[in-house]
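Under our numbering, the first residue of the sequence shown is numbered 1, with each subsequent residue one higher.
The C-beta atom is built at its ideal place from N, Cα and C for all residues, glycine as well.
Being a predicted model, the structure only gives us computed values, none of them experimental.
Notes follow the structure.
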Amino acid sequence: MSSGVALTDSDRLPWLKAINLFARNNPGHVIACSSLKKSYRSILCEHLPSAMFILLNLKREVLQKRVSSRPGHFMPSILLDSQLATLEMPESDETNVIVIDADDSDVDDVVKSIMSAIEHL
1 MSSGVALTDS
11 DRLPWLKAIN
21 LFARNNPGHV
31 IACSSLKKSY
41 RSILCEHLPS
51 AMFILLNLKR
61 EVLQKRVSSR
71 PGHFMPSILL
81 DSQLATLEMP
91 ESDETNVIVI
101 DADDSDVDDV
111 VKSIMSAIEH
121 L
């Protein structure tokens with residue numbers, strides 16, 4: 001990704017399995033990653049019945065601004081469109097995914113929205 005080339009599903013598979021293994025061996029952690037597809041989320045929560053996902057939903061323009069303001073980050077902003085093309089919004093059977101609208105929110109408001117959603121589970 002740092003070279004501007006999008007990852008494939010086969011590129012991501014070992015990484016997803018490693019995150020799943022870490023989560024199974026280290027309960028109680030918050031893990032931040034881009035679990036863009038339902039199949040990725042399925043791999044990440046294998047053998048983890050209480051695993052939850054928080055999906056921050058933002059307009060492309062907001063994402064572009066935020067990604068561009070992260071100098072030195074491993075994912076260049078030129079990959080944003082491929083990331084959005086890969087994104088699969090949660091389906092109704094994905095009851096372990098909470099979608100938070102974060103377009104007009106600062107970090108504190110997003111955290112409050114996440115905490116409120118978790119408290120109401």
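Secondary structure note for ASP109: its alpha helix (DSSP H) is the uninterrupted segment 107-119. Boundaries of the beta strand (DSSP E) around ASN57: 53-57.
Going by DSSP, ILE98 is part of the beta strand (DSSP E) stretching over 97-101. Rounded to the nearest angstrom, the Cβ distance from ILE114 to ILE100 is 6 Å, consistent with a contact under 8 Å. As the crow flies, the alpha-carbon of LYS17 is around 25 Å from that of ASN57. Rounded to the nearest angstrom, the gap between the Cα atoms of ASP108 and ILE54 is 15 Å.
Across the set ARG12, LYS37, ASN26, the C-alpha of LYS37 shows the shortest separation from the C-alpha of LEU84. Nearest in C-alpha terms to GLU94, of all of ARG41, ILE31, ALA32, ARG24, is ARG41.
Going by beta carbons, ALA32 and ALA51 fall outside the 8 Å limit.
Apart from sequence neighbours up to five positions away, the residues of its chain that approach SER105 with a beta-carbon distance below 8 Å are SER113, ordered along the chain.
Distance between GLU61 and VAL67, taken at the CA atoms: about 10 Å.
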